[in-house]
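There are 2 protein chains.
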Amino acid sequence: MKNQTTEEKIIEAAGKVFSQKGYAATRNRDIAEEAGLNMALLNYYFRSKEKLFEIVMAENSRKFFSVILPIVNDFDSTIMEKIELLTDNYIDLLIESPELPLFIFNEIKVDPDSFKGRVQVDMLFNASHFISQIREVIPEVEPLQFVISLFGMILFPFVSKPVFYTDEQKFRQQMIERKNYIITWAKAILKL
Amino acid sequence: MKNQTTEEKIIEAAGKVFSQKGYAATRNRDIAEEAGLNMALLNYYFRSKEKLFEIVMAENSRKFFSVILPIVNDFDSTIMEKIELLTDNYIDLLIESPELPLFIFNEIKVDPDSFKGRVQVDMLFNASHFISQIREVIPEVEPLQFVISLFGMILFPFVSKPVFYTDEQKFRQQMIERKNYIITWAKAILKL
DNA sequence: GTCTATACTACGATAGAC
DNA sequence: GTCTATCGTAGTATAGAC
Numbered sequence: 124m125k126n127q128t129t130e131e132k133i134i135e136a137a138g139k140v141f142s143q144k145g146y147a148a149t150r151n152r153d154i155a156e157e158a159g160l161n162m163a164l165l166n167y168y169f170r171s172k173e174k175l176f177e178i179v180m181a182e183n184s185r186k187f188f189s190v191i192l193p194i195v196n197d198f199d200s201t202i203m204e205k206i207e208l209l210t211d212n213y214i215d216l217l218i219e220s221p222e223l224p225l226f227i228f229n230e231i232k233v234d235p236d237s238f239k240g241r242v243q244v245d246m247l248f249n250a251s252h253f254i255s256q257i258r259e260v261i262p263e264v265e266p267l268q269f270v271i272s273l274f275g276m277i278l279f280p281f282v283s284k285p286v287f288y289t290d291e292q293k294f295r296q297q298m299i300e301r302k303n304y305i306i307t308w309a310k311a312i313l314k315l
Numbered sequence: 124m125k126n127q128t129t130e131e132k133i134i135e136a137a138g139k140v141f142s143q144k145g146y147a148a149t150r151n152r153d154i155a156e157e158a159g160l161n162m163a164l165l166n167y168y169f170r171s172k173e174k175l176f177e178i179v180m181a182e183n184s185r186k187f188f189s190v191i192l193p194i195v196n197d198f199d200s201t202i203m204e205k206i207e208l209l210t211d212n213y214i215d216l217l218i219e220s221p222e223l224p225l226f227i228f229n230e231i232k233v234d235p236d237s238f239k240g241r242v243q244v245d246m247l248f249n250a251s252h253f254i255s256q257i258r259e260v261i262p263e264v265e266p267l268q269f270v271i272s273l274f275g276m277i278l279f280p281f282v283s284k285p286v287f288y289t290d291e292q293k294f295r296q297q298m299i300e301r302k303n304y305i306i307t308w309a310k311a312i313l314k315l
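Same order as they appear, the protein sequences are chains A and B.
Just so we're aligned, residue 124 is where the first sequence starts under this note's numbering, counting upward by one.
Just so we're aligned, residue 124 is where the second sequence starts under this note's numbering, counting upward by one.
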């Protein structure tokens with residue numbers, strides 16, 4: 124990543140600072156400084172702080188949600204294959220971008236409509252092939268309870284990270300181990 | 124709650140607006156409006172926005188963490204009794220204050236030191252009686268993995284609420300049902 | 001395209017009347 | 001204690017030189 128254009132430098136810097144401090148708390152100065160440029164360039168390329176944020180946000184949502192869709196709507200894989208793929212891919216992604224879940228959930232809370240346009244929640248959860256498989260295997264429980272639990276198993280450690288971990292290295296290590304923990308958990312719950 | 128002093132009105136309004144928008148995005152004007160007063164009074168009673176926030180934050184952390192300590196360090200209760208109490212008390216609390224977890228986790232991310240002074244994490248998790256009980260029952264797994272999973276089961280639905288739920292009534296209903304879901308989950312995982 | 005200097009605006013805080 | 005009016009400053013956005 125050496126030969127970046129100025130535009131790319133700004134987006135990368137903005138992504139970093141926005142997700143660390145949140146929209147309101149980051150100043151254009153912070154982004155410019157992080158990118159090694161001056162504030163005027165942010166407005167030259169993106170017209171306003173808000174526009175820049177939208178671009179960063181769109182990219183982050185894509186990263187965050189695009190893992191899910193191809194997996195949960197694959198008709199050829201078993202339920203456990205889906206769970207293994209989701210767990211594996213998500214934890215790998217989140218080890219690289221641990222601040223992503225908190226950032227996304229926050230933004231969705233502040234502005235729920237903005238992401239409803241971008242993300243088809245029905246396709247992901249309510250109407251996916253994954254949901255029908257869950258319904259088959261454990262018909263006695265509301266599938267949404269299971270789906271939320273699964274995503275909680277995967278995402279919650281990253282949301283709550285500073286409460287449970289101070290040692291970065293230990294966190295990383297335990298997140299890798301957590302993959303197997305989640306698979307085992309799922310098998311027990313689904314009685315497989 | 125009819126006869127509140129002005130001071131109480133401000134704290135209540137501030138708690139509401141801060142947890143909706145976060146510290147940086149809330150303006151003193153918003154708090155004053157919510158309280159039905161004018162901005163000057165915020166500074167009259169609390170000297171600054173930051174001071175006011177600290178008071179609100181202290182109260183919220185107390186609410187959020189004080190549920191845990193007496194339960195996890197009770198030497199007379201079984202592991203399942205602890206889990207049942209935690210689940211039951213927390214979900215009741217969070218149905219009343221659903222925005223609490225996201226608000227707390229956010230603030231801790233922005234300023235991790237501020238809460239380390241207030242909350243004794245070791246007493247809650249690492250060194251609690253609850254942890255030793257977990258170690259006895261499932262010695263093959265890292266107890267922290269289980270603790271994080273349990274709190275994830277309880278808290279994650281509230282963090283991710285707008286992703287999975289649009290209907291407020293349905294959410295409430297499923298959170299009440301979730302109590303039993305979590306108890307059943309815990310029994311399965313602990314092989315009890 | 002990139003910079004410095006500056007205009008504009010929004011916000012937190014305070015002074016002073018009641 | 002509570003209000004209205006206003007100050008000071010920090011932050012976003014823009015103009016204009018290079």
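The C-beta atom is built at its ideal place from N, Cα and C for all residues, glycine as well.
- Residue-level contact by beta carbon holds for residue 265 of chain A and chain B, with a gap shorter than 8 Å.
- For the region 219-231 of chain A, the set of residues with a beta-carbon nearer than 9 Å to any beta-carbon of chain B comprises 222, 224, 225, 227, 228, 229 and 231, in chain order.
- Out of B:294, B:261, B:310 and B:138, the CA that lies nearest to the CA of residue 183 of chain B is found in B:138.
- Contact check for residue 158 of chain B and residue 136 of chain B: beta-carbon distance about 4 Å, within the 8 Å limit, so the pair qualifies.
- Setting aside the 5 residues that flank it on each side, residue 144 of chain A is surrounded in the same chain by 153, each with a C-beta closer than 8 Å to its C-beta; the list follows chain order.
- Taking the Cα of residue 244 of chain B as reference, the smallest distance to any Cα among B:267, B:132 and B:272 is reached at B:267.
- Within the region 169-191 of chain B, no residue has its Cβ closer than 8 Å to any Cβ of chain A.
- Each residue's CA atom was taken as its position, placing residue 198 of chain A and residue 213 of chain A some 20 Å apart.
- Only those residues of the region 137-154 of chain A whose C-beta falls short of 9 Å from the nearest C-beta of chain B are listed: 143, 144, 145, 146, 147, 148 and 149.
- For residue 268 of chain A, the residues of chain B that pass the 8 Å Cβ criterion are 297, 300, 301 and 304, in the order they occur in the chain.
- As summarised for the region 140-217 of chain A, there are no continuous beta strand (DSSP E) elements at least 3 residues long confined to that stretch.
- The Cβ atoms of residue 295 of chain B and residue 206 of chain B lie no closer than 8 Å to each other.
- Boundaries of the alpha helix (DSSP H) harbouring residue 236 of chain B: 235-241, taken from the DSSP string.
- Listed in chain order, the non-local C-beta contacts of residue 270 of chain B below 8 Å within the same chain comprise 248, 253, 254 and 257, local neighbours out to five positions each way being set aside.
- Any Cβ of chain B closer than 8 Å to the Cβ of residue 193 of chain A would place that residue at the interface, and such an atom is absent.
- CA-CA distance, residue 170 of chain B to residue 307 of chain A, rounds to 53 Å.
- For the pair residue 148 of chain A and residue 250 of chain B, the CB atoms are not nearer than the 8 Å cut-off.
- From the beta-carbon of residue 248 of chain A, the residues of chain B found nearer than 9 Å are 286 and 287.
- Taking CB atoms only, residue 251 of chain B has no neighbour in chain A less than 8 Å away.
- In this structure, DSSP gives residue 285 of chain B a helical state, which the three-state scheme calls helix.
- Under the criterion of beta carbons closer than 8 Å, residue 311 of chain B and residue 273 of chain B do not qualify as touching, at roughly 13 Å.
- At least 8 Å separates the CB of residue 240 of chain A from every CB of chain B.
- No residue range can be given for residue 128 of chain B, since it is assigned to no alpha helix (DSSP H) and is classified by DSSP as neither H nor E.
- For residue 278 of chain A, the chain B residues whose Cβ falls inside 9 Å of its Cβ are 275, 279, 282 and 283, in order along the chain.
- The beta-carbon of residue 262 of chain A is placed no less than 8 Å from the nearest beta-carbon of chain B.
- By the neighbour-count criterion, in which 16 or more other beta carbons inside 10 Å mark a residue as buried, residue 230 of chain A falls on the buried side.
- Under the three-state reduction of DSSP output, residue 261 of chain B falls in the coil class, being neither helix nor strand.
- The beta carbon of residue 311 of chain B sits closer than 8 Å to some beta carbon of chain A.
- Identification of chain A residues near residue 134 of chain B by a Cβ-Cβ cut-off of 7 Å yields none; the smallest Cβ-Cβ distance measures about 21 Å.
- Using a CB distance cut-off of 8 Å, residue 271 of chain A counts as an interface residue toward chain B.
- Residue state for residue 250 of chain A is assigned as coil, using DSSP reduced to three classes.
- A direct Cα-to-Cα measurement between residue 277 of chain B and residue 209 of chain B gives close to 9 Å.
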